[in-house]
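S.K.: Protein chains in written order, with our numbering: chain E, 112 to 212; chain L, 77 to 184; chain B, 65 to 589.
#1: What is the DSSP secondary structure of residue 81 of chain L, reduced to helix, strand or coil?
#2: Measuring straight from C-alpha to C-alpha, what distance separates residue 553 of chain B and residue 155 of chain L?
#3: Would you mind sorting residue 565 of chain B into buried or exposed? The rule is 16 or more other CB atoms within 10 Å of its CB.
#4: Using DSSP with H/G/I as helix, E/B as strand and the rest coil, what is residue 185 of chain E?
#5: By how many angstroms is the C-alpha of residue 130 of chain B removed from the C-alpha of residue 414 of chain B?
#6: Residue 352 of chain B versus chain L: which residues are under 9 Å apart at the beta carbon?
#7: Here's a check: name, in chain order, each residue in its chain whose Cβ is nearer than 6 Å to the Cβ of residue 217 of chain B, leaving out the five neighbours to either side.
#8: Compare the C-alpha of residue 141 of chain L against each of B:354, B:202, B:272, B:290 and name the closest.
#9: Is the beta carbon of residue 171 of chain E closer than 8 Å to that of residue 134 of chain E?
#10: Chain E beta carbons: is any one of them nearer than 8 Å to that of residue 462 of chain B?
#11: Whole beta strand (DSSP E) runs in the stretch 371 to 445 of chain B with 3 or more residues, listed along the chain?
#12: Could you tell me which whole alpha helix (DSSP H) segments of length 4 or greater appear in the stretch 116 to 165 of chain E?
#13: Using only the alpha-carbon positions, how far apart do residue 304 of chain B and residue 311 of chain B sit?
#14: List, in chain order, every chain L residue whose beta-carbon is nearer than 9 Å to that of residue 237 of chain B.
#15: Since I believe residue 458 of chain B is in contact with residue 508 of chain B (beta carbons under 8 Å), could you give me their beta-carbon distance rounded to a whole number of angstroms?
#16: Over the uninterrupted beta strand (DSSP E) stretch that includes residue 529 of chain B, give me the two end residues.
#17: Compare the Cα-Cα distances from residue 136 of chain B to each of B:377, B:223, B:340 and report the closest residue.
#18: Could you tell me the distance, in whole angstroms, from the CA atom of residue 551 of chain B to the CA atom of residue 201 of chain B?
#19: Buried or exposed for residue 520 of chain B, going by 16 or more other Cβ atoms inside 10 Å?
#20: Closer than 7 Å by beta-carbon distance: list the chain C residues that pair up with residue 446 of chain B, in chain order.
#21: Kindly indicate the opening and closing residues of the alpha helix (DSSP H) around residue 237 of chain B.
#22: If contact means a Cβ-Cβ distance below 8 Å, which residues of the stretch 128 to 147 of chain E contact chain B?
#23: Please list, in chain order, the chain B residues whose beta carbon lies closer than 8 Å to that of residue 138 of chain L.
#24: Which residues in the same chain have their Cβ closer than 7 Å to the Cβ of residue 180 of chain L, if we skip the five residues on either side of it in sequence?
#25: Would you grab the beta carbon distance between residue 165 of chain L and residue 175 of chain L for me? Rounded to a whole angstrom, and I think it's under 8 Å.
#26: For a contact defined as C-beta to C-beta under 8 Å, what are the partners of residue 255 of chain B on chain L?
#27: Does any CB atom of chain B fall closer than 8 Å to the CB of residue 157 of chain E?
#28: Tell me which residues of the stretch 402 to 427 of chain B have at least one Cβ-Cβ distance to chain L shorter than 9 Å, keeping chain order.
#29: Starting from the C-beta of residue 298 of chain B, find all residues in its chain whose C-beta is less than 7 Å away, skip the five residues before and the five after it, and write them out in chain order.
#30: Does the Cβ of residue 357 of chain B have 16 or more other Cβ atoms within 10 Å, making it buried, or fewer, making it exposed?
#31: Which class does residue 155 of chain B belong to by DSSP, given the choice of helix, strand or coil?
#32: Mind checking residue 110 of chain L: buried by the 16 CB within 10 Å criterion, or exposed?
#33: Is residue 324 of chain B buried or exposed, if buried means 16 or more other CB atoms sit within 10 Å of its CB?
#34: Taking 8 Å as the threshold (beta carbon to beta carbon), is residue 164 of chain E in contact with chain B?
#35: Using 8 Å as the threshold, is the stretch 139 to 155 of chain B in touch with the stretch 89 to 97 of chain B, meaning 3 or more CB pairs across them?
#36: Whose C-beta lies closer than 8 Å to the C-beta of residue 207 of chain B among residues of the same chain, with five residues either side of it excluded?
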C-alpha cells in the first residue's frame, strides 16, 4: 500500500474488506475444521489426537491468513478457505459417524 | 554457561567477518576467499561446539533452551554495539575464543 | 495483492502491525514485567517478611491455620514459600465469601499468622493484565489471544518481506533516520526471532482449549471435562463421606514425596475433603523444577492414613510438547540470569512493536512534511502512538507511585492503585491530543524519567526499605526493583532529551530530512 490517498476506488476497498473477512472468519473455520479432522482421524489416542489437532490448528489459520492476502482475488480467497473447510468437514463427518455407531 | 555463551559469541563474530562487507568495514581490507571460507567454517564450528557443550552440561531440555538464549543475547550485543565500538567487540571476540573454552572446561 | 507475494505480505505486515500494535505493545510490556512479578509483589507488599525456607515447618503451620479457620471447606490449597515468593499462601473454597467462592490468605512463613500487608495486586496486576486486559471474563482472554495470533502473522509476514534477512543479519546503521529505525526493527526482530516465535505461538497454546474448542467438542462429544481429565491424568476427586476423620500430619506426606523424588521442590498442595474419611492430599512439584509440566510429578495420598494412592502417569509426546510450550512461555524454570534474559528479550519484543509503530507514522509523515497540518488519520496514529507507549510507561509508574502513597489502611487501596494506572494512561492520552507530537513525546518521556528515577526515593521515604537498607541486608528483589527503576529513569531521560532537542529544520531535500536526530524509544519496562 503506497498511499492512503482518498482516491482509492470503492471496489478496491470492498475487495480488501472481503479478504479480511475471509481471513478472519474463513480462516478460523478452516483452522477449526482442521483441528476436528486431525482429532478424529489421527491414529493416536483420543487425547493425543485432540491435542495435536489443537496445536496444529493455528498453523492452518496462519496459512489461511497468508493465502487470503496473497491470492489473486477476493473470490479466490474465499474459495481457498471454504473449499478445504468443506472437504475436511466431510471427512470429519464420516469419521465421526464411523466412531459413534 | 558463561563459557558457552562466549564460544557462541566468538562464533557469531566469525560468521559476521565472513561477510565481505563487514570484513572490509571492520578490518579495513578486502578478504581473500580462503579467509572467508575459514571464518565461515570456524564460525559454524564454534556455534556447534557451544551447542554440544550446552547439552552436555545441562541436558537436552535446559541445554537447548539456554543455548538459544545465550546465543540470542550474544549476537544482539554484537550487532548493536558494532557501529559504536567495533574494535572493542573484535577484542571481546578474540578474548572469548580463549576464555570461552577455558570457562567451559572448568565448569564441565 | 496483485503486485506480488512479497508486497502483499508487506501490506499485511504493515496494516496488522498498525491496528494491533498499540495493544500488542501493552501486552508485551506488561508481560515482560510479569517475568519479575514475584519481585514486584515483594516490592509492592514490603510488609511480607522473607525467612529462610523451611517447607516442613511451613506445611505444619499451614495445616494448623486451615484446620482452625477453614475446617468446613470442601477443598484447601497451600502454596509453600520459595526462593522468589516469601509468603506462605493458603486458600480454601467458601461459596459465600471471597472472589469467585475462594478465600486466600498470606501467612508469615515463620509464625503462621496472617500477614498484615498492604492490600495490593502488585506484580499480579501486570501479569493478569497482559492476558486479560482488565476486561470481563472471557473477552480479555479472547482479545489477547487473537493479538498473539496477529503477532505470529506479523512475525511470519515480516520474515517473508525481509528480503535481505541473511545479508543484513548483522546490519545496524545508526544515525540515518528512517533507515536506522528499519535496521533496528529488523535486527531485534531477526536476532531474537526464536524468542518472538516461541512467545507468540506458546500464547496460543496456553488458551487453545478456549479459542479453538471445535476439536475437543468433536472428539469428546461435548464432554470437555473428560478431555481435561485425560490430559492432566486425573480423576474427579471423591465426594465427602461426611465421616469426620482427622487429617494425617502433612509433613509426613512431604517426607514421603521426598523419598519418591529427593530434592523435589513442592509447588502446591491440594486437599479434597480435609477432615473427612474421604480426604485426599495431592502434592505437585514446583514449576521451577522442570521446563514442562510433568504429570508424573504429582502424588496423591489418602488424607486419613497417608497411603500413596496414585502418582501421575507420564505424559505422552504430544502432551510433553504442549506442556513444554506452556512452560517456555511462563519461564518458571528460569534461573536468575535466564530470567533476566527473558526480561531483556521481552523488552526486545516490545521494541519490535514500538519501532514498527514509529516507522509506520514516520514514513508517512515525511510525505506530508511540507504541509501545515498532518492529515487527521496520521494525527490519530501519532496520538495513539504516544499514548500507548510513553503513556503506558507513565501508567506503570503511576501504579507504583500509588502503591507507596495511598494510605496502607485505606479500604480498597488495591483498586486505587489500578485506578491510578488507568488514570495516568488516560491523562497521557489527553496530553497527547493537546500537545504537538514531538513535544508530547518529550514531555511524557521526561515525566516518565522523573517518575521512575524518583521511585527508589519514594520507596525509601515511605517504607524505610530503600536502597540503603535493601542493599545492606541483601534483599535483592527490593534492591533490584529500585535499581531497575533508576535505570529506566535514566534511559527515559536520554530518550526525552532527543525529543526535546530542537530538530534540524526539514529541508526540501529528502537526504537532509533523513539526518534528523533519531530518538530510540526502546521501552524498558
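Glycine residues also receive a C-beta, built at the ideal position from the N, C-alpha and C atoms.
M.R.: According to the data block:
#1: Note: residue 81 of chain L maps to helix in three-state DSSP.
#2: Each residue's Cα considered, the two are about 25 Å apart.
#3: Of the other Cβ atoms in all chains shown, fewer than 16 fall within 10 Å of the Cβ of residue 565 of chain B; this residue is therefore exposed.
#4: Residue state, collapsed to three classes: helix.
#5: Distance between the alpha carbons of residue 414 of chain B and residue 130 of chain B: 43 Å.
#6: Within chain L, no residue has its beta carbon less than 9 Å from that of residue 352 of chain B; the closest one is some 12 Å off.
#7: Within its own chain, the residues whose Cβ lies closer than 6 Å to the Cβ of residue 217 of chain B, once the five positions on either side in sequence are excluded, are 80, listed in chain order.
#8: Ranking B:354, B:202, B:272, B:290 by Cα distance to residue 141 of chain L puts B:354 first.
#9: Not a contact, by the Cβ cut-off of 8 Å.
#10: For residue 462 of chain B, the answer is no, since every Cβ of chain E falls outside 8 Å of its Cβ.
#11: Runs found: 372 to 375.
#12: Complete alpha helix (DSSP H) runs here, min 4: 121 to 132, 138 to 152.
#13: So the two alpha carbons sit approximately 13 Å from each other.
#14: Here the neighbours are 159.
#15: The distance from the Cβ of residue 508 of chain B to that of residue 458 of chain B is about 6 Å, consistent with a contact at the 8 Å cut-off.
#16: No beta strand (DSSP E) contains residue 529 of chain B, which DSSP labels as neither H nor E.
#17: Distances from the CA of residue 136 of chain B to each of B:377, B:223, B:340 were compared; the closest alpha carbon is that of B:340.
#18: Rounded to whole angstroms, residue 551 of chain B to residue 201 of chain B spans 36 Å at the Cα level.
#19: That one is buried.
#20: The displayed structure is made up of protein chains E, L and B, and chain C is not among them.
#21: Premise fails: residue 237 of chain B is in no alpha helix (DSSP H) and is neither H nor E.
#22: 130, 142, 143, 144, 146, 147: these are the residues of the stretch 128 to 147 of chain E whose beta carbon lies less than 8 Å from some beta carbon of chain B, given in chain order.
#23: Near residue 138 of chain L (Cβ distances below 8 Å), the residues of chain B are 355, 397.
#24: Excluding positions up to five away in sequence, the list reads 79, 80, 83, 129.
#25: Actually they do not touch by this definition, with Cβ atoms about 15 Å apart.
#26: What residue 255 of chain B touches in chain L: 148, 151, 152, 155.
#27: At least one chain B Cβ lies under 8 Å of residue 157 of chain E.
#28: Cβ contacts with chain L come from 402, 405, 406, 408, 409, 412.
#29: Here the set comprises nothing.
#30: That one is buried.
#31: DSSP places residue 155 of chain B within a strand segment (E or B) once states are collapsed to three.
#32: With fewer than 16 other Cβ atoms within 10 Å, it is exposed.
#33: Looking at its Cβ environment, which holds fewer than 16 other Cβ atoms inside 10 Å, residue 324 of chain B is exposed.
#34: For residue 164 of chain E, the nearest beta carbon of chain B is closer than 8 Å to its own beta carbon.
#35: The stretch 139 to 155 of chain B, when compared against the stretch 89 to 97 of chain B, does not touch it at the 8 Å Cβ threshold.
#36: Taking residue 207 of chain B as the centre and dropping the five residues before and after it, the same chain places the C-beta of 87, 197, 199 closer than 8 Å to its C-beta, in chain order.
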